[in-house]
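Here the working numbering is used: position 144 in the sequence shown is 159, and no number is missing along the way. By construction, the Cβ of each residue, glycine as well, lies at the ideal position given by its N, Cα and C atoms.
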Amino acid sequence: MCTYPAGSIRGTWNRPECHLQALATVQDDGNVSRCYSTGHLRVTTPNEDWYLTVTAKRNRLSTASDLSRQLSSATGTTVSSQTVYRRLGHIGLYARRPVTCVPLTATHCRLRLTWSREHAFWTPQQWSCVMLSDESRFSLQSDSRRTLIWREPGTRYHQENLIERHRYGGAGWLV
Numbered sequence: 016m017c018t019y020p021a022g023s024i025r026g027t028w029n030r031p032e033c034h035l036q037a038l039a040t041v042q043d044d045g046n047v048s049r050c051y052s053t054g055h056l057r058v059t060t061p062n063e064d065w066y067l068t069v070t071a072k073r074n075r076l077s078t079a080s081d082l083s084r085q086l087s088s089a090t091g092t093t094v095s096s097q098t099v100y101r102r103l104g105h106i107g108l109y110a111r112r113p114v115t116c117v118p119l120t121a122t123h124c125r126l127r128l129t130w131s132r133e134h135a136f137w138t139p140q141q142w143s144c145v146m147l148s149d150e151s152r153f154s155l156q157s158d159s160r161r162t163l164i165w166r167e168p169g170t171r172y173h174q175e176n177l178i179e180r181h182r183y184g185g186a187g188w189l190v
């Protein structure tokens, strides 16, 4: 507990109060301890941070707003989505775009291998007879590229962080 008010220290040391804010924490025995803080209090407890982590790992596609609502309904603590980002960032979870992949069956793999073996030794003249087209696909879904997941650094290709998409599996235009 602080025993010296800031005004008495300012008078004793003849310094501006802002420079002597640390001296206001000196106790009677001469030890310095922090007894007053002007910073913001931490809104969440360590248990609530743990709850956010577990919830984000169980449902990696949940947004920060979803996690904030879930925390509020579970514990009664209301936090902003920015606070959720910060808490999960301190723990090591970051919102990143997931890797999308096309799931291949054994038949797909066998057909691709057969095709590559048939065309492995083609000459440039044979390839010149093939017409290759550039295809662009435009999605009609508004947020198709904005899906984010919560994951740790270095875990991009882990199975739980992959989203499997079937080719042309949604509404869209192929040009």
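- Assigned with DSSP and collapsed to three states, Tyr66 falls in helix.
- Apart from the 5 residues on each side of it in sequence, Asp64 sits with its Cβ closer than 6 Å to the Cβ of Arg102 in its chain, given in chain order.
- Val114 is bridged by DSSP to Leu177.
- Secondary structure of Trp165 (DSSP, three-state): strand.
- Around the beta-carbon of Val145, fewer than 16 other beta-carbon atoms lie within 10 Å, marking it exposed.
- Tyr100 carries a helical assignment under DSSP once its states are collapsed to helix, strand and coil.
- The alpha-carbon of Val117 is positioned some 6 Å away from that of Glu179.
- The beta carbons of Ala71 and Leu82 sit about 6 Å from each other, so the pair counts as a contact at 8 Å.
- At the C-beta level, Ala121 and Val99 stay beyond 9 Å of one another.
- Judged by DSSP secondary structure, Ser80 falls within the alpha helix (DSSP H) whose first and last residues are Ala79 to Thr90.
- For Leu67, same chain residues with a beta-carbon under 7 Å away, outside a window of 5 residues either side, are Leu82, Leu86, Val99, Arg102 and Leu103 in chain order.
- Burial check for Val69: the Cβ neighbour count within 10 Å stays below 16, so the residue is exposed.
- Under the DSSP assignment, Ser143 falls in the alpha helix (DSSP H) whose first and last residues are Pro139 to Ser143.
- Taking 9 Å as the cut-off, the beta carbon of Thr162 is found no closer than this to the beta carbon of Arg127.
- Take Ser96, set aside five residues on each side of it, and the residues of its chain with a beta-carbon closer than 7 Å to its own are Ala79, Ser80 and Ser83, in chain order.
- Distance between Arg132 and Tyr172, taken at the CA atoms: about 28 Å.
- According to the DSSP assignment, His123 belongs to the alpha helix (DSSP H) that extends over Ala121 to His134.
- Between Leu76 and the set Leu108, Pro139, Trp130 and Ser148, the nearest pair of CA atoms involves Leu108.
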